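Going left to right, the sequence shown walks through residues 2 to 149 as the numbering used here numbers them. Each residue gets a CB set at the ideal place from its N, CA and C atoms; glycine is no exception. No experiment lies behind these values; they were computed from the predicted model shown. Here's the structure we're looking at; comments come further down.
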Amino acid sequence: MKVRILGTDYEIIKDAEEKDYSQLKKCDGFTDFSIKKIVVAEFEKDESSIDNLEWYKKKVLRHEIVHAFIHESGLAENCDWARNEELTDWIAIQFEKILNVFLQTNALDSVKVSKINHNNKLNIEHGHIIGDISNISKQMYTIITKRG
Ligand SMILES: [Zn+2]
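In structure tokens:
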């Protein structure tokens with residue numbers, strides 16, 4: 002799939018294998034800024050694996066997407082904090098929580114939340130999607146995709 006990151010199209014490769022991407026021998030995912038590609042490995046369960054590998058794959062994907070945003074912003078080359086793995090991971094881990102608060106408080110310009118009902122359901126304009134607040138990232142993706 003392709004996503005647009007600060008005006009640049011990036012190809013997303015999920016469940017990639019080491020035979021196709023030798024870089025995965027040393028990491029779980031990577032972003033190749035030179036060809037605008039984000040690659041996340043396929044993981045096989047073994048005795049040392051965490052239980053929820055899908056959760057981990059999403060975490061790695063978010064981390065790599067944050068790298069791509071920072072790179073495309075022009076900060077990655079000359080700014081120490083922008084190359085900081087700890088900061089990149091913090092954004093990747095905390096983003097969903099921040100997004101949920103933005104939505105709850107109607108603090109976004111691109112998405113209007115018309116109401117939050119007593120069951121914590123959001124009614125979002127620009128797509129007319131009603132859903133559970135804990136699943137909001139998927140809805141945001143749907144909204145952004147529909148809006149082009
Ligand atoms: Zn990284």
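- Contact between Phe-70 and Leu-7 holds: CB atoms are separated by about 6 Å, below the 8 Å threshold.
- For the pair His-72 and Phe-31, the CB atoms are not nearer than the 7 Å cut-off.
- For Thr-89, the shortest C-beta to heavy atom distance toward ligand 1 is below 6 Å.
- Boundaries of the alpha helix (DSSP H) around Thr-89: 86 to 105.
- DSSP lists Lys-38 as the bridge partner or partners of Asp-33.
- The DSSP-derived three-state label of Ile-6 is strand.
- Taking the Cβ of Glu-73 as the reference point, every heavy atom of ligand 1 lies at 6 Å or farther away.
- Note that the C-beta distance between Asp-90 and His-64 is below 7 Å.
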